[in-house]
Structures are given as structure tokens and as C-alpha cells.
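Here the sequence shown is numbered in my numbering, starting from 90 and rising by one per residue. Notes follow once the structure below has been shown.
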Amino acid sequence: MQVLHQTLPIAKFSFTNGQTAQAINVQDHTQLPTALRQLGLIGSHPVLVVVGGANNLEPPDYDRLQHLFLDSLAPLAQELGMVIVDGGTNSGVMKLMGQARSTIHASFPLIGVAPSNKVYLPNQPQTTGTHPLEPHHTHFILTPGSKWGDESPWIAAIASLLSGDSPSVTVLLNGGNVSLIDVRESVAEGRPVVVIAGTGRLADKLATALAPEADVPEELSPVIREGRFALFDVSKPTARFKSNLKHYFSDQYSRLQAVQML
Numbered sequence: 090m091q092v093l094h095q096t097l098p099i100a101k102f103s104f105t106n107g108q109t110a111q112a113i114n115v116q117d118h119t120q121l122p123t124a125l126r127q128l129g130l131i132g133s134h135p136v137l138v139v140v141g142g143a144n145n146l147e148p149p150d151y152d153r154l155q156h157l158f159l160d161s162l163a164p165l166a167q168e169l170g171m172v173i174v175d176g177g178t179n180s181g182v183m184k185l186m187g188q189a190r191s192t193i194h195a196s197f198p199l200i201g202v203a204p205s206n207k208v209y210l211p212n213q214p215q216t217t218g219t220h221p222l223e224p225h226h227t228h229f230i231l232t233p234g235s236k237w238g239d240e241s242p243w244i245a246a247i248a249s250l251l252s253g254d255s256p257s258v259t260v261l262l263n264g265g266n267v268s269l270i271d272v273r274e275s276v277a278e279g280r281p282v283v284v285i286a287g288t289g290r291l292a293d294k295l296a297t298a299l300a301p302e303a304d305v306p307e308e309l310s311p312v313i314r315e316g317r318f319a320l321f322d323v324s325k326p327t328a329r330f331k332s333n334l335k336h337y338f339s340d341q342y343s344r345l346q347a348v349q350m351l
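So this is what it looks like as C-alpha cells:
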């Protein structure tokens, strides 16, 4: 008996900077394997999930984050053949990730996952409450949802499908309430979380709460109890971060049990 595979419509987005990206809409988690296959994202790859924020940072803090993406995250993704997954909009850490990939002329897939009702597409008028897509991403997966945070379970599930038996890690920089949802979903998938201390808000709250004998806020207690975390101070050299994260994707990955310093 012949088995007919479900197919989903694929769109091609063209941005004003000349970049193009493939995009697909999904309505159910069961469609994700088909969507990834149609986008050419097959096989098992090391995966980096980037969550958090970078808006409203002081210029020195923003510059440090920019160097972290340019000198560490994007080059390491290129070196190790990673796939990077984030929220896909043209703001915060997602904008930094897209710009870093473009600046170093990288070829790794950069996948943005966002609720279709919260973004407006290239060459379409902006509607109230929507945000533009980041123009250096290579793929977009648009999901159901009417508010930010609805995409978080999709990001986590997509990262797990892409990684398969390969390591996958979530990196948290800054962030707020939606980023906490992202962290919860990563922890639920068994994915370790690297917290970049010194970037403010949620990242710093988590870093403080992870210290020995710390007074843990109630909203952070479940993820700290169930998750595996590594900490990195953003004031440290970016070369050190890249080197340690590289090891973390190899021999140290399977051994991380609770909290580790990078």
C-alpha cells in the first residue's frame, strides 16, 4: 500500500535587504516533522535555542551582547554545523543573531518561530500589535497563537526534532515573562539552559537564584528544581565563552547534572 505524505504550502519571503527565506505555517504539532522535511531541515544536528531580550539595554551592555553573538555564538554555530532556533522577529537577541550571521557570512540555518497573528510579512502593511520578521533568518515557521509566549512550546518542540540524538542547548540573555515560558519549555524537553549573567532581568534573577543557599523566588522554583543550568558572566572574555560552550556541546554535555560555571 502506498503511503501518501501530507504536504504543507511553502512561501518564499523576499526582504528589502535582498535576502530571501522559506516559510511555512503549521496548525498542529503533528505537522512539524513534515514541515521540517519540506524546508529541507532533515537529519540530526546540534541545536542552539536563543531566548531573551536586548531592548532597553544601556549602550555598553548592548555592545557586550553584540560581541557575544559576533565573536562566539555565530562562529561556533558555523564551526559545529549547528541549527539555531529563536523567535524570529527583528528585535532584541533575534536581531542580534540575524545580524551576526550576516556579518560573518555564515551558512548555518537560522530558524525563526513566531505566532502568525503577531508578525507581519515582508512587503505587507503593518497591523496593530504585529512586529516585522528579522531579515537575515533562513527559515520561518509560523504557528497558531494570539500573544507572545504561544510560540514557546513550538520552539522547544522544533529544537528537539532538529537535534534528535545530537546535543541541544538553550541560551538565555536578559529576558522577561515570555523568556521564562521559553526556559520552562526547554527544561520540560530536558534541554540544558546556559544563563548569561550580567545581561539583566530574568537572566540575572536566575543566576542569583542558582547560587548556593539562595532564596529562590516562587516563580523560578520549578525550573531550578527540574532543570540543568550553566552560568556565564557576560563581563568575561567572549573567547572563553566560545571555548567552554564548544566543550559543553561535546564531552561535558551528557555529564551536566545541576549547575555548572562556564
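Positions of the beta carbon are idealized from the N, C-alpha and C atoms, including for glycine.
Check                                                                                                                                                              : Outcome
Assuming the contact rule is C-beta atoms closer than 8 angstroms, S268 and V140 should be a hit. Round their C-beta distance to whole Å, please.                  : 5 angstroms
For the putative contact between R438 and G264, defined by C-beta atoms under 8 angstroms, what is the C-beta separation to the nearest angstrom?                  : This structure leaves residue 438 out entirely; the chain is present only between 90 and 351.
To the nearest angstrom, how far is the alpha carbon of T216 from that of N206?                                                                                    : 10 angstroms
May I ask you to verify whether the stretch 282-302 touches the stretch 322-330, counting CB pairs closer than 8 angstroms and requiring at least 3?               : yes
Please classify T192 as buried or exposed, where buried requires at least 16 other C-beta atoms within 10 Å of its C-beta.                                         : exposed
With 16 as the cutoff for other CB atoms within 10 Å, does L334 come out buried or exposed?                                                                        : buried
To the nearest angstrom, how far is the alpha carbon of N106 from that of T123?                                                                                    : 30 angstroms
Would DSSP call V323 helix, strand or coil?                                                                                                                        : coil
Would you kindly work out how many angstroms separate the C-alpha atoms of P242 and H118, rounded to a whole number?                                               : 9 angstroms
Look up P149 in the DSSP assignment and say whether it is helix, strand or coil.                                                                                   : helix
Once you ignore the five residues that flank P204 on each side, which residues in its own chain have a CB closer than 8 angstroms to its CB?                       : L231, T232, P233, G234, S235, K236, W237, D239, E240
Less than 8 angstroms between the beta carbons of L222 and P211, yes or no?                                                                                        : yes
Rounded to whole angstroms, what's the CA-CA distance from V312 to A246? Just pull it up for me.                                                                   : 17 angstroms
How is the beta strand (DSSP E) around A277 delimited, first residue to last?                                                                                      : Unbroken run through A277 is the alpha helix (DSSP H), 266-277; no beta strand (DSSP E).
What are the start and end residues of each continuous alpha helix (DSSP H) run of 4 or more residues lying completely inside the stretch 109-184, in chain order? : 121-127, 148-157, 163-169
Between the stretch 142-152 and the stretch 248-266, can you find at least three pairs of beta-carbon atoms closer than 8 angstroms?                               : yes
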